[in-house]
Amino acid sequence: MVVTLFEALDYAFFQRALLGGLLTAVATGMLGVFVVQRGLAYLGNGLAHASFGGLALGALIASLTSAQGILREPLWIALPFTLAVAAAIAYVRDRTRLSSDTAIGVFFAVSVALGILFLSLIPPDDNVIDVWHLLFGSILAVGPRELVFIAVMAAMTVAVLTATWGRLAYATFDEELAQSDGVRVRRLEYGLFLLAAVVVVVSAQVVGIILLAAYLIIPAASARLLSTSLLQMTVLAVVFGVATTVIGLFTSYLADVPSGAAIVLLQAALFAVAALISRRP
Amino acid sequence: MTLQKGDAVILDDITLSLERARFLAIIGPNGAGKSSLVKILLGIDHPTQGSVAVLGSPPGHHAKRAAYVPQLKTFDRSFPATAIQLVVSGERQAWPARTTAREREQALEALTEVGAEHLADRPLARLSGGELQRTYLARALVRKPELVVLDEPATGVDFMAEHDLNHLLEAYQDKTQATVVMVTHDLAAARHHATDVLVLNRTVVGFGEPERALSDECLRRAYGHVGHAHSGFVAW
Ligand SMILES: Nc1ncnc2c1ncn2[C@@H]1O[C@H](COP(=O)(O)OP(=O)(O)OP(=O)(O)O)[C@@H](O)[C@H]1O
Ligand SMILES: [Mg+2]
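Residue numbers (our numbering), protein chains in the order written: chain A, 13 to 293; chain B, 1217 to 1452.
Printed below as a string of structure tokens:
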């Protein structure tokens, strides 16, 4: 068995999967802490589905124009599409009496409907996009180009969240207190929404749209159960995400089960353990 | 200064000034705009017309010279933090990832000042209303502010705690010559501890020394009918 594990590491595709998964776990873990503490679990879900609409639009454009270069890559359409949806959600929430949940629900439905429409317009033999992979992830199929995107996304997430952590955490604790100390909470929040959009679009390739929200929420929620400080929660969320990714990936290789599902089920098991440990007497 | 939200005029043409080292009590019925005024003083909200200066600058300009004890502790109780981390946030003006030995020492000093040093490492989720209030007060005092703004700090606090609170503020003021602005529903406290009282109901109803501002005439104009239904309230 140990030999088999080392064998796996010899394959370039497995190395890419491992690296891509680790980077995704770091980014989603750090971001997930703020998603969980701000009650934005539904935002992760909504943005993931918005990215479905965006990727479908990208695929349609690629197919219709039989474009080369930049337009051949659906990500370049999905990214601005999802960013626009994130900004629209924040805007609707700020400017109307609607809660973010409601705003997210509306854009969620519209994006999925658009996605299905766009996909139906693509000629069946023109396979720029694999819907199954889009929905359920294809970590073992992460190519060198995707790996670059994931690395850039993870580096950006770590840099942005490290630079703003003190202010973002302060505003997450209590907006008014933070405002009274000169923190620009609206700007930070828009920034957080946009960052979430980038993380979601890029990591959708690893875990898939349907399981992405799990990646954002379960490690951070498990960490929350075991932490007495936000820093501790952040560190634990990243550790949990990384550990379940590595174990899940090897499990999926050995047992030949879908990797995304294996990872998320492991995370859920970890959550159950954390819930049991932290149970109030 | 005037504050509007949509069509509603929340604060109408407020004009007043307060010397340093005074103790101002703001009283008025629910919805009078007391919290709104306080938020303007702290730079959290901005007047739609007119201008405001606090400690000689626009509000929020020297955030660290002012400290705020908010009315409703709206923070999420599930936030992973201990009392001392909350106090350190007052010192640092950001949420602490880790606390330095020096920050911890100063935070403990502030907690001791308000009689809450034993709460230092208690998770926020396990603090009672009064314990939380003390922690917020320590959070405000730890930065040695020149202006302390408190929005109904006595709500949910027992009588002794309220008594302590007013004395703590007076002691801090004697020591530092700080200015205190406190929103309260406690007319007795306003009478005994404040040097100035503002009776507010969307606009200035009365402003000045406690005896004058708290005259029956002013209270009647602020609260409407004083006597029957509200008598218990006013008798305080
Ligand atoms: N963001 C807002 N948009 C519209 N109206 C608001 C907003 N915030 C407050 N108000 C209104 O402004 C008025 C004053 O509110 P404020 O919270 O300042 O009252 P208050 O004097 O502090 O009352 P309380 O004694 O209940 O704390 C209320 O009528 C409230 O409905
Ligand atoms: Mg109020």
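Ideal Cβ placement from N, Cα and C applies to all residues, glycine included.
Query: Mapping DSSP to helix, strand and coil, what is S1252 of chain B?; Result: helix
Query: Taking 8 Å as the threshold (beta carbon to beta carbon), is E201 of chain A in contact with chain B?; Result: no
Query: Please classify G1443 of chain B: is it buried, with 16 or more other beta-carbons within 10 angstroms of its beta-carbon, or exposed?; Result: Because the pLDDT at G1443 of chain B is just 48, under 50, the model does not fix this residue reliably, and the value given afterwards should be weighed accordingly. Classification for G1443 of chain B: exposed.
Query: Counting only the same chain and skipping the five closest in sequence on each side, list residues whose C-beta sits under 7 Å from that of A1406 of chain B.; Result: A1241, I1243, T1400, V1413, P1426, L1430
Query: Please name the residues in the segment 176–194 of chain A whose beta-carbon is closer than 7 Å to at least one beta-carbon of chain B, in chain order.; Result: W177, G178, R179, A181, Y182, F185, D186, E188, L189, Q191, S192, D193, G194
Query: Within the present structure, is the beta-carbon of I128 of chain A separated from the nearest heavy atom of ligand 1 by less than 7 Å?; Result: no
Query: What number of angstroms, rounded off, separates the C-alpha of T1231 of chain B from the C-alpha of A1326 of chain B?; Result: 35 Å
Query: Going straight from the alpha carbon of S264 of chain A to that of S150 of chain A, what length do you get?; Result: 12 Å
Query: Report the neighbours of R1314 of chain B on chain A: residues whose CB is nearer than 9 Å to its CB, in chain order.; Result: S241, L243
Query: Do T246 of chain A and M42 of chain A have their C-beta atoms within less than 8 Å of each other?; Result: yes
Query: Do you know how far the Cα of V160 of chain A is from the Cα of S123 of chain A?; Result: 26 Å
Query: Would N1417 of chain B be called buried (16 or more neighbouring beta carbons within 10 Å of its own) or exposed?; Result: buried
Query: According to DSSP, simplified to helix, strand and coil, what is P1339 of chain B?; Result: strand
Query: P1286 of chain B touches chain A at which residues, Cβ-Cβ below 9 Å?; Result: D186, E188, L189, S192
Query: Please name the residues in the segment 1294–1319 of chain B whose beta-carbon is closer than 9 Å to at least one beta-carbon of chain A, in chain order.; Result: S1294, F1295, P1296, A1297, T1298, Q1301, L1302, S1305, G1306, R1308, Q1309, A1310, W1311, P1312, A1313, R1314
Query: Grab me the residues of A166 of chain A's own chain with a C-beta within less than 8 Å of its C-beta, minus the 5 sequence neighbours each way, in chain order.; Result: L35, T36, V38, A39
Query: Could you please tell me which residues of the segment 1272–1283 of chain B, in chain order, have their CB closer than 8 Å to any CB of chain A?; Result: G1276, A1279, K1280, A1282
Query: Under the rule that 16 or more other beta-carbon atoms within 10 Å means buried, what is A1387 of chain B, buried or exposed?; Result: exposed
Query: Identify the continuous beta strand (DSSP E) that holds Y1284 of chain B and give its terminal residues.; Result: 1282–1285
Query: According to the neighbour-count rule (16 or more other Cβ atoms, all chains shown, within 10 Å of its Cβ), is W177 of chain A buried or exposed?; Result: buried
Query: Between the segment 215–239 of chain A and chain B, which residues of the former have CB atoms less than 8 Å from a CB of the latter, in chain order?; Result: R236, S239
Query: What's the C-alpha gap between F185 of chain A and A125 of chain A?; Result: 36 Å
Query: So that I know if they touch, is there some Cβ in chain B lying closer than 8 Å to that of Q49 of chain A?; Result: yes
Query: What do you get for G1249 of chain B, buried or exposed, if any count of 16 or more other CB atoms within 10 angstroms of its CB means buried?; Result: buried
Query: Do the segment 1260–1271 of chain B and the segment 1301–1320 of chain B make contact, defined as three or more Cβ pairs closer than 8 Å?; Result: no
Query: By Cβ distance, which residues of its chain are closer than 6 Å to L147 of chain A, with the 5 residues on each side in sequence left out?; Result: G220, I221, I222
Query: Buried or exposed: where does T1395 of chain B fall if 16 or more other Cβ atoms within 10 Å of its Cβ makes it buried?; Result: buried
Query: Tell me, please, whether the CB atom of F1291 of chain B is closer than 8 Å to any CB atom in chain A?; Result: yes
Query: For ligand 2, I want to know if Q1220 of chain B counts as a neighbour, meaning its beta carbon is within less than 7 Å of at least one of the ligand's heavy atoms.; Result: no
Query: In angstroms with no decimal places, state the Cα-to-Cα distance between P92 of chain A and P1312 of chain B.; Result: 34 Å
Query: Using only the alpha-carbon positions, how far apart do G272 of chain A and V254 of chain A sit?; Result: 13 Å
Query: Go ahead and label F1239 of chain B buried or exposed: buried means 16 or more other beta carbons lie within 10 angstroms of its beta carbon, across all protein chains shown.; Result: buried
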